Amino acid sequence: MSVLEAIAASQRKVAPRVAQLSSWLDEDGDVLDQGLSLYFPSPYSYTGEDVVELQGHGGPVMLRALLSRVFQLGCRPAEPGEFTRRAVENGKIDLSQAEAVAACIDAATVRAGKQAQRQLQGAFGQYIEVLMQKLTGLVAHVEASLDFPEEEIPALFFDQIANQMRDELIQPIEQLLATAKLGERLFDGATVAIVGAPNVGKSSLLNALAGRDRAIVSDVPGTTRDVLEVDFEVHGIPIRLADTAGLRLSDDAIEQEGVRRAEQAAMQADVIMFVADASRPDTWETPVVHADIYLMNKTDLKQDVIPERFFSLCVKSGDGLDELKDRLANQLGDISLADEGVLVTRQRHRTILLDTITHLKCGLLTVYSEEKLDLTAMEWRRAWSLLGGIIGIGDVEHILDHVFSEFCIGK
Ligand SMILES: Nc1nc2c(ncn2[C@@H]2O[C@H](COP(=O)(O)OP(=O)(O)O)[C@@H](O)[C@H]2O)c(=O)[nH]1
Ligand SMILES: [Mg+2]
């Protein structure tokens, strides 16, 4: 606030949370720029601290002058993610919400953005907190029986604890983990390679899926020589689709290189789509790769005797394209999960949840033997700390360093 008073010296005091037109002055009292001043007093700000926002005209020269003026008054540039980190440290949001801030910025599709918003609202963090509360209850029970070893504890008591552990923790976490495949794909996207013999319609398929004329289509075999990529989405999953040279033996050095690159693209892809030509049975066998989806194109020319593994398609008329998109999306994750509840969207969360399950199950192994019950308590406490790492509870300094190093400046 003192910075704002110094820089907008001639102004009346800026009222909290009201946009006020101000002139900002340099040290000699000359006007540097004019714009909106906003003042958010603690704790009602993004970081929870006193925050001042200056919205100037933004041209590089004037912006630089304004910045050097505020630096002169004691400000400094923020580290990447520093605003959000402070918000976490001041308890405004939990760590999973902070990660959602980055996810909102990075989201490549509307569906990914919506999921990031849901996490930003805190749904994922709240779910983890509920699990932690249940775990605390169970650990307390186990520890209580450790504290009074002389008391006779009925076996039924441990049965009940074990059942609760399975039903209220292990099973829900396993269900949550089942969403990770789709959740991570939604943000990280997937690569899909189209392979097959020359002239079967690979480039036509790429154009049809991408919805624009990206690759050259021709009836001259061997037209596509390099790997060509386009980005598009199916059901909200960002996809990088690679069209490749037709796989065949060739004397042409450039085409040979194209075939080598096609094979390489296929090896690196998350999904390989093999395309064959219904009118040419010699294109039905894939020479090198194992494909995930087998497509029989040009079914307008011939339809009978198509081997069962193939999915019928006619790029020319568009028949089968929508079904292919569904197929592709489902290959990448259970798409029905996308719009309900919370998904595991980060590898960091998935790894923690997997470790948590391991410790929960280890604790179950000793829950029936009184002399080893302390091991159960130890395993379950460890699981509790792991879960805490998702939302930023406990000794998480190193986790914060890691998470915020991936943020961009100004967030
Ligand atoms: N009849 C028919 N022709 C097609 C179909 N799809 C592509 N073609 C034609 O097949 C030829 C080869 O297509 P192209 O996409 O360049 O094949 P690529 O070599 O596998 O990339 C072109 O003349 C296309 O117009 C289809 O579904 N039916
Ligand atoms: Mg082609």
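Residues 20 to 430, numbered by this note's numbering, are exactly what the sequence shown covers, in order.
Think of the CB as a built atom: it goes at the ideal place given N, C-alpha and C, for glycine as much as any other residue.
Bear in mind the structure is a predicted one, so any value in this text is a computation, not a measurement.
For residue 231 and residue 224, the rounded distance between their alpha carbons: Taking the sequence shown and counting its residues from 1, one reaches residue 224 at position 205. Taking the sequence shown and counting its residues from 1, one reaches residue 231 at position 212. Near 10 Å, if we compare the C-alpha coordinates of residue 231 and residue 224.
Top-ranked residue by Cα proximity to residue 418, from 258, 76, 64 and 104: Position 399 of the sequence shown, counted from the start, is the residue given in the question as residue 418. That would be 104, whose Cα lies nearest to the Cα of residue 418.
Sequence-distant residues of the same chain with beta carbon closer than 7 Å to residue 137, five excluded per side: Translated into the one-based positions of the sequence shown, residue 137 becomes position 118. 361.
Residue 221 Cβ short of 6 Å to ligand 2 heavy atom set: Counting from one through the sequence shown, the residue named residue 221 turns up at place 202. Yes, the beta carbon of residue 221 sits closer than 6 Å to at least one heavy atom of ligand 2.
Proximal residues to residue 237 (C-beta, below 7 Å), its chain only, five neighbours per side dropped: Mapped onto the sequence shown, residue 237 falls at position 218. Cβ neighbours of residue 237 beyond the five flanking positions: none.
DSSP state of residue 355 mapped onto helix, strand, coil: The sequence position of residue 355 within the sequence shown is 336, counting from 1. Looking at residue 355 - three-state DSSP - the assignment turns out to be helix.
Residue closest to residue 27, alpha-carbon to alpha-carbon, out of 52, 239 and 394: Indexing the sequence shown from 1 puts residue 27 at position 8. Residue 27 has its Cα closest to that of 52, out of 52, 239 and 394.
Residue 8: CB within 6 Å of a non-hydrogen atom of ligand 1: The requested residue 8 does not occur in the structure, where the chain is confined to residues 20 to 430.
CA-to-CA distance, residue 102 to residue 66, given in whole angstroms: Along the sequence shown, one-based indexing puts residue 66 at 47. Along the sequence shown, one-based indexing puts residue 102 at 83. One C-alpha to the other measures close to 6 Å.
Segments assigned beta strand (DSSP E), at least 3 residues, entirely inside the stretch 379-413: none
Burial state of residue 184, where buried means 16 or more other Cβ atoms lie within 10 Å: Taking the first residue of the sequence shown as 1, we reach residue 184 at position 165. Under this definition residue 184 is a buried residue.
Close beta carbons around residue 383, own chain, < 7 Å, minus the five adjacent residues each side: Position 364 of the sequence shown, counted from the start, is the residue given in the question as residue 383. Around residue 383: 181 and 184.
Residue environment, residue 320, which counts as buried when at least 16 other CB atoms sit within 10 Å: Residue numbering aside, residue 320 sits at position 301 when the sequence shown is read from its first letter. So residue 320 ends up on the exposed side.
Rounded straight-line distance, which links the Cα of residue 302 to that of residue 351: Locating residue 351 in the sequence shown gives position 332, counting from the first residue. Locating residue 302 in the sequence shown gives position 283, counting from the first residue. So the two alpha carbons sit approximately 26 Å from each other.
Rounded straight-line distance, which links the Cα of residue 357 to that of residue 130: Position 111 of the sequence shown, counted from the first residue, corresponds to residue 130. Position 338 of the sequence shown, counted from the first residue, corresponds to residue 357. For residue 130 and residue 357, the distance between alpha carbons rounds to 8 Å.
Ligand 1 heavy atom lying under 6 Å from the CB of residue 339: Translated into positions along the sequence shown, residue 339 becomes position 320. It does not: the Cβ of residue 339 is nowhere closer than 6 Å to a heavy atom of ligand 1.
Those residues which DSSP pairs with residue 74 across a bridge: The residue you call residue 74 lines up with position 55 of the sequence shown. In DSSP, residue 74 forms a bridge with 55.
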